[in-house]
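A short worksheet on the structure shown next.
Numbering (our numbering), first residue to last: 12 to 116.
See below:
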């Protein structure tokens, strides 16, 4: 079972595709058709993307969460108030990175 991606096969007419995994920000969702990153889609709702035009029949469509790994999601500073939402966000960030790493193996 994949935690951070889903794959579909295009049929030439379907433009809406759902995905079951959560994400922190919409820009963490990447879509590839036949392994090529595409940007000709938008969010229909929080778990459905809609292509401008339907991918071709037999095209491999991959919707993947790619949480950025090069910057910290939370920056704690000395003397600041430690908030539950920041700790929750950090725990979610770490969970997503672990899931994406497992899916990549």
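Even for Gly, the Cβ is constructed at its ideal location relative to N, Cα and C.
In the pairwise beta carbon analysis, the stretch 48–58 is classified as not touching the stretch 84–93: fewer than three pairs are separated by under 8 Å. Here the alpha carbons of residue 69 and residue 34 stand approximately 27 Å from one another.
Counting along the chain, residue 103 sits inside the alpha helix (DSSP H) bounded by residues 95–115. Distance from the Cα of residue 13 is smallest, within the candidate group 88, 30, 26 and 104, for 30.
Residue 113 and residue 62 have their C-alpha atoms spaced approximately 28 Å apart. At the C-beta level, residue 39 and residue 96 stay beyond 8 Å of one another. Along the length of the stretch 50–78, whole alpha helix (DSSP H) runs at least 4 residues long do not occur. Bounds of the beta strand (DSSP E) holding residue 41 are 40–44. Excluding the 5 residues flanking it on each side, residue 72 has same chain C-beta neighbours closer than 8 Å at 18, 19, 20, 21, 28, 42, 43, 44 and 66, in chain order. For residue 25 and residue 103, the gap between their C-alpha atoms comes out near 32 Å.
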